[in-house]
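Below is one structure, written out as structure tokens; the observations come after it.
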Amino acid sequence: MASQKYKQYSVLFSSTLSFTVCFMIWMMLAVVGIPIKNELGLSETEFGILAATPVLSGSLIRVPLGIWTDRFGGRIVLFLLMLACVPAIFMMQYASHFWHFLVIGLVMGLAGGSFSVGTPYVARWFPKHQQGLAMGIFGAGNAGSAVNKFVAPALIAYGTWHFVPTVYAAVMLGTALLFWFTSYSDPAHKVPSSVTLGEQLALLKDPGVLRYSQLYSVVFGGYVGLALWMTKYYVGEYGLSLQTAAFLAACFSLPGGVLRAFGGWLSDKFGAYKVTWAVMWVCWVCFFILSYPQTQLHIQTTDGGTTALHLGLNVTVFTILMFTVGVAMAVGKASVFKFVADDYPANIGAVSGIVGLAGGLGGFLLPIMFGALEDITGIRSTSFMLLYGTVCVSLVWMHFSMKAKRTDNTPARQA
Numbered sequence: 001m002a003s004q005k006y007k008q009y010s011v012l013f014s015s016t017l018s019f020t021v022c023f024m025i026w027m028m029l030a031v032v033g034i035p036i037k038n039e040l041g042l043s044e045t046e047f048g049i050l051a052a053t054p055v056l057s058g059s060l061i062r063v064p065l066g067i068w069t070d071r072f073g074g075r076i077v078l079f080l081l082m083l084a085c086v087p088a089i090f091m092m093q094y095a096s097h098f099w100h101f102l103v104i105g106l107v108m109g110l111a112g113g114s115f116s117v118g119t120p121y122v123a124r125w126f127p128k129h130q131q132g133l134a135m136g137i138f139g140a141g142n143a144g145s146a147v148n149k150f151v152a153p154a155l156i157a158y159g160t161w162h163f164v165p166t167v168y169a170a171v172m173l174g175t176a177l178l179f180w181f182t183s184y185s186d187p188a189h190k191v192p193s194s195v196t197l198g199e200q201l202a203l204l205k206d207p208g209v210l211r212y213s214q215l216y217s218v219v220f221g222g223y224v225g226l227a228l229w230m231t232k233y234y235v236g237e238y239g240l241s242l243q244t245a246a247f248l249a250a251c252f253s254l255p256g257g258v259l260r261a262f263g264g265w266l267s268d269k270f271g272a273y274k275v276t277w278a279v280m281w282v283c284w285v286c287f288f289i290l291s292y293p294q295t296q297l298h299i300q301t302t303d304g305g306t307t308a309l310h311l312g313l314n315v316t317v318f319t320i321l322m323f324t325v326g327v328a329m330a331v332g333k334a335s336v337f338k339f340v341a342d343d344y345p346a347n348i349g350a351v352s353g354i355v356g357l358a359g360g361l362g363g364f365l366l367p368i369m370f371g372a373l374e375d376i377t378g379i380r381s382t383s384f385m386l387l388y389g390t391v392c393v394s395l396v397w398m399h400f401s402m403k404a405k406r407t408d409n410t411p412a413r414q415a
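Position 298 of the sequence shown, counting from 1, maps to 298 under full-length UniProt numbering, and the rest follow consecutively.
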């Protein structure tokens, strides 16, 4: 019989791999959507809707998935969820109208709900003082967004965008089967049946849950929104090819995923409040700089002539700033869920579902708002202006609502 420690790490590995693949599927339209946009002649707003549609269903399903995980266990819920997405992924290659993609995207997007299954499933296999790191390692599956940016352009270059859904459906099916045979269940991890659905949903009224939802809508919702938008942004702003744009966009997506484990370690060591506060300030500075649009100034000189002055970020500086934001958001995603594990140990599944829902809805709304702002103003950097405003709200809310945690935020200790 497998030892407890072997089971812990087998569950952690198989869950992280599964979440990586689910996130890769969830972000597929960030790359595949670009040739689809050209093929269907979509506007920027329509592209935002197309790319964000899977995020909507993946977000809305998070609350029930978190509750079902508490009730039935993460192993069976995650396995069935992955299987349910396979037919829709495969069928995307046959879509030919905008509404086809929206309907398929809604079903395919259920894969995004895997986070609310894996987080409590993994966390309950580890003691409290290791939960931040364990959830951070699992959350590193966000790097599936970067994997998509490496794999999808290569598949498109090999054939057409229609080839991508075929490969992704096979990968999802294979990963689901691997997960089933390398994961375990523990009846002790289930929430007692005396806990009702109404009691779990009542957490929506908890001020702490609402606060953590707002913070997560920035660090995770912002990450998802930018991950969906950056490839197209590079193509439009700097005139790059799809392959080069996707590669540079991965410079944001990759650290935004893999460094989540580092964020979990930092949260265990220094406490969730200090880490989250620092993350928000880093994002605030970066978004302020990124908000400045490409500007051409004509200055009147003393001799009656004019001097042209260009202000704007070149592709190198822009990528460095995006990399920095990716690192900060990776750390922030882990630190927010350290708050959840510390404050709601008996309802991690339900609370993670609610907080994950808020983050996912942020990821759904932001690409649509990015597209609408660009269509209205003609200025691409309005996307960063919007994000700058959301970070300002987070800093103010944290300052006034978390005074106690500023003075009493000791890291979890081993029992």
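Even for Gly, the Cβ is constructed at its ideal location relative to N, Cα and C.
Source: prediction; values computed, not measured.
**Report entry** 8 Å Cβ cutoff met for A169 and F90
**Finding:** yes
**Report entry** Segment limits, beta strand (DSSP E) that includes L296
**Finding:** The sequence shown places Gln at residue 296, rather than the Leu named in the question. Unbroken beta strand (DSSP E) run through Q296: T295 to Q300.
Requested in this report: Answer yes or no: do G33 and G222 have a C-beta to C-beta separation smaller than 8 Å?
Outcome: no
Query - For H189, three-class secondary structure by DSSP - result: helix
Query raised in the report: For F179, which option in W397, M402 and C22 has the closest C-alpha, if you only look at C-alpha atoms?
Result: C22
Query - Under 8 Å between C-beta atoms of M230 and P165 - result: no
Query - CA-to-CA distance, G144 to L177, given in whole angstroms - result: 18 Å
Requested in this report: Could you check what DSSP says for T306 in three-state terms: helix, strand or coil?
Outcome: strand
Query raised in the report: Around the C-beta of L309, are 16 or more other C-beta atoms found within 10 angstroms, so that it is buried, or is it exposed?
Result: exposed
Query - Nonlocal neighbours in the same chain, by C-beta distance under 6 Å from W265, ignoring five residues either side - result: L133
Requested in this report: Please work out which residues of its chain come closer than 7 Å, Cβ to Cβ, to A245, disregarding the five sequence neighbours upstream and downstream, and give them in chain order.
Outcome: T231, Y234 and V235
Query raised in the report: Between the C-alpha atoms of A51 and Q300, what's the straight-line distance to the nearest angstrom?
Result: 44 Å
Query raised in the report: Would you call the stretch 33 to 43 and the stretch 6 to 18 in contact, with 3 or more CB pairs under 8 Å?
Result: no
Requested in this report: Answer with buried or exposed for S253, where buried requires no fewer than 16 other C-beta atoms within 10 angstroms of its C-beta.
Outcome: buried
Report task. Compare the beta carbon distance of I368 and I49 with 8 Å and say whether it is the shorter of the two. Result -> yes
Query raised in the report: Residues in its own chain within less than 7 Å of V331 by CB, not counting five upstream and five downstream?
Result: L259, F262, G263, L266, V275 and V279
Report task. Go ahead and label E39 buried or exposed: buried means 16 or more other beta carbons lie within 10 angstroms of its beta carbon, across all protein chains shown. Result -> exposed
Report task. Identify which residue in I67, F126, V77 and L110 has its Cα closest to the Cα of Q4. Result -> F126
Query raised in the report: Can you tell me whether N148 is buried or exposed, with buried defined as 16 or more other CB within 10 angstroms of its CB?
Result: buried
Requested in this report: Using beta-carbon positions only, say whether residue 440 and L110 come within less than 8 Å of one another.
Outcome: Missing from the structure shown is residue 440; the chain here goes from 1 to 415 and no further.
Query raised in the report: Which value, in whole angstroms, describes the spacing of the CA atoms of residue 438 and V63?
Result: Because the chain spans 1 through 415 in this model, residue 438 falls outside it and cannot be assessed.
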